[in-house]
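131 is the number of the first residue of the sequence shown in our numbering; add one for each residue after it. Okay, structure first, notes after.
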Amino acid sequence: MKNESLQLSDIEVRMLEEVFQIFSKYSEKTRNFGIQLIHSHFPLQEDEILYETHDKISRVMEVKPVKIGSVSNNSLATAWDQTAKGHIRVAMFCCDSGGDD
């Protein structure tokens, strides 16, 4: 069965409820986390990673692949995934970590 309003199956809803319980358990000690479906519209090269930029005035966000070496040390990791071997890795960076951007 599928939960149409959330676009999730019943098992996915149960899984996310468990994950959000864990988020709540640690909420006073961590940043604010959410869930994002890992998907791909095109393959990334080995030396690429997704990078988010935005324009506050026009309220537009853009995510595009960039060379890993071009990502600033001030960039903020905003998405993570898990490798086939179970290792956590950064899946996307944003702007820089210097402010409320």
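Using N, Cα and C, we set each Cβ at its ideal position, and we do this for glycine too.
Using the Cβ count rule (16 or more neighbours within 10 Å means buried), how would you classify isoleucine 179?
Sequence index remark: in the sequence shown, residue 179 carries index 49 (1-based). The residue in question, isoleucine 179, is buried, as its Cβ has 16 or more Cβ neighbours within 10 Å.
Checking 7 angstroms against the spacing of the C-beta atoms, do aspartate 177 and lysine 197 come in under that value?
Locating residue 177 in the sequence shown gives position 47, where the first residue counts as 1. Locating residue 197 in the sequence shown gives position 67, where the first residue counts as 1. Yes, the Cβ-Cβ distance between aspartate 177 and lysine 197 is below 7 angstroms.
What separation, rounded to the nearest whole angstrom, lies between the Cα atoms of lysine 215 and leucine 167?
In the sequence shown, residue 215 corresponds to position 85, counting from 1. In the sequence shown, residue 167 corresponds to position 37, counting from 1. So the two alpha carbons sit approximately 19 angstroms from each other.
Alpha carbon to alpha carbon, how far is phenylalanine 153 from glutamate 147?
Here residue 153 corresponds to residue number 23 of the sequence shown, with the count starting at 1. Here residue 147 corresponds to residue number 17 of the sequence shown, with the count starting at 1. Approximately 10 angstroms, taken between the alpha carbons.
By a C-beta neighbour count over all protein chains shown, 10 Å radius and 16 as the cutoff for buried, is tyrosine 181 buried or exposed?
The residue you call residue 181 lines up with position 51 of the sequence shown. With 16 or more Cβ atoms within 10 Å of its Cβ, tyrosine 181 is classed as buried.
Expressed to the nearest angstrom, what Euclidean distance is found between the alpha-carbon atoms of arginine 219 and lysine 194?
The residue given as residue 219 occupies position 89 in the sequence shown. The residue given as residue 194 occupies position 64 in the sequence shown. Those two C-alpha atoms are separated by around 18 angstroms.
Below 8 angstroms on the Cβ atoms is my contact criterion, and I expect cysteine 224 with threonine 208 to pass it. Report the Cβ-Cβ distance as a whole number of Å.
In the sequence shown, counting from the first residue as 1, residue 224 sits at position 94. In the sequence shown, counting from the first residue as 1, residue 208 sits at position 78. The pair is a contact, with the Cβ atoms about 5 angstroms apart (cut-off 8 angstroms).
Cutting at 6 angstroms between CB atoms, please list the residues of its own chain near valine 143, excluding the five before and the five after it.
Residue mapping note: residue 143 aligns to position 13 of the sequence shown, counting from 1. These residues qualify, in order along the chain: Asn133.
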